[in-house]
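Undergrad: Residue numbers (our numbering): -11 to 282.
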Ligand code: PAF
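1) Using CA coordinates, which residue listed in 242, 227, 241 is at the minimum distance from residue 235?
2) For the ligand PAF, any of its heavy atoms closer than 6 Å to the Cβ of residue 147?
3) From residue 56 to residue 246, what distance separates their C-alpha atoms?
4) Excluding the 5 residues preceding and the 5 following residue 146 in the sequence, name in chain order all residues of the same chain whose CB lies nearer than 7 Å to its CB.
5) For residue 311, which residues of its own chain have a beta-carbon under 8 Å away from its beta-carbon, when the five flanking residues on both sides are left out?
6) Going by C-alpha distance, which of -9, 38, 108, 27 is nearest residue 4?
7) Could you tell me which residues DSSP puts in a beta bridge with residue 274?
8) Within the present structure, is the beta-carbon of residue 143 separated from the nearest heavy atom of the ligand PAF by less than 6 Å?
9) Can the beta-carbon of residue 36 be found closer than 7 Å to that of residue 11?
10) Within the chosen definition, does the segment 257 to 273 reach the segment 118 to 137 through at least 3 CB pairs nearer than 8 Å?
11) Using a threshold of 6 Å, is the CB atom of residue 46 nearer than that to any non-hydrogen atom of the ligand PAF?
12) Name the DSSP beta bridge partners of residue 82, please?
13) Mapping the DSSP letters down to three states, classify residue 144 as helix, strand or coil.
14) Just list the residues that DSSP pairs residue 138 with in beta bridges.
15) With DSSP as the reference, identify every bridge partner of residue 243, one or two as the case may be.
16) Mind checking whether the beta-carbon of residue 121 lies closer than 6 Å to any heavy atom of the ligand PAF?
17) What three-state label does DSSP hand residue 170 in the structure shown?
This is the structure we're talking about:
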């Protein structure tokens, strides 16, 4: 595995591969890698001649300074992890740019109209977040001209936003959404899990338990009943199962949406495919997760 910090060197390397007819897979990350990221990298290594893993904590997608400061940074361990994956000689590039290298020009005036998929759930709650994601992903697409790009479905809305970005930019990239990887107790793997105290970590699997029960309930209950039940169940979990230190869930939203338009639905039959997306606070950490209903 080779580590590259210069944007020009990255483009030189990926363009040379593409001239030889090689496929290039891109796995954008912000580091703090876990098994979820590694599943994306493994898949990209299986499907492409050359794989670029970017490790860059993108400051412009954080709408909250404290969240940016607290974001875990574990570059040495990350590099070791991806270097240890089975790969051919010269197949894997780790791109670890500085902020100046990533953004040689100011990005303040760059605004994408990402459409209705960006206007729900995370969109209004994290102003500027998806625009910041779109800017960094576009830059990575420009630099690497990937054949395929890999994103985890835990950030289900982000995948829809990238699809919308691709329609705007016209990059001929195959978007490859990859399934959520969960811990044995069901918690969706996330870099933010590292910030959970032991007590909060023990409580966190209730999120997926609740979502899984909601999927069963969706067989016989209507959308709104299921939606409110999920919010109520998590909000009152600490009353049913008292937690040390008064730990409790504070759901920010749980929406049942069309899996393509991401607009909320009120009847199951309103969408061909539907998913439930949740953001919930636990002990000062914001966790997100999703399940498929239909
Ligand atoms: O999902 C993430 O980790 C980030 O939003 C991404 C896609 C790497 C852009 O910074």
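Every residue, glycine too, gets a C-beta built ideally from N, C-alpha and C.
TA: Walking through what the data contain:
1) Walking along the chain shown from the start, residue 235 turns up at place 247. Comparing Cα-Cα distances from residue 235 to each of 242, 227, 241, the minimum goes to 227.
2) Looking up residue 147 in the chain shown gives position 159. Residue 147: no, Cβ never under 6 Å from the ligand PAF.
3) Taking the chain shown and counting its residues from 1, one reaches residue 56 at position 68. Taking the chain shown and counting its residues from 1, one reaches residue 246 at position 258. Distance between the alpha carbons of residue 56 and residue 246: 31 Å.
4) On the chain shown, position 158 is the one that residue 146 refers to. Within the same chain, residue 146 has close Cβ partners 121, 139.
5) No answer is possible for residue 311: the residues shown for the chain start at -11 and end at 282.
6) On the chain shown, position 16 is the one that residue 4 refers to. Residue 38 is the option with its Cα nearest to residue 4.
7) To locate residue 274, count along the chain shown from 1; it is residue 286. In the DSSP output, where bridge partners are listed per residue, residue 274 has 269.
8) Position 155 of the chain shown holds residue 143. Yes, the beta carbon of residue 143 sits closer than 6 Å to at least one heavy atom of the ligand PAF.
9) As a first step, residue 36 must be located in the chain shown, where it is residue number 48. As a first step, residue 11 must be located in the chain shown, where it is residue number 23. Against a cut-off of 7 Å, the Cβ pair of residue 11 and residue 36 comes out as a contact.
10) no
11) On the chain shown, residue 46 is found 58 positions in, with the first residue counted as 1. At least one heavy atom of the ligand PAF is nearer than 6 Å to the Cβ of residue 46, so yes.
12) What you label residue 82 is simply residue 94 of the chain shown in a count that begins at 1. DSSP output for residue 82 lists -9, 41 as bridge partner(s).
13) Translated into positions along the chain shown, residue 144 becomes position 156. Three-state result, residue 144: helix.
14) Taking the chain shown and counting its residues from 1, one reaches residue 138 at position 150. 164, per the DSSP bridge assignment.
15) In the chain shown, the residue the question calls residue 243 occupies position 255. Answer is 265.
16) The residue labelled residue 121 in the question sits at position 133 within the chain shown. Yes - the ligand PAF has a heavy atom lying nearer than 6 Å to the Cβ of residue 121.
17) Counted from its first residue, the chain shown places residue 170 at position 182. Three-state DSSP puts residue 170 in a strand.
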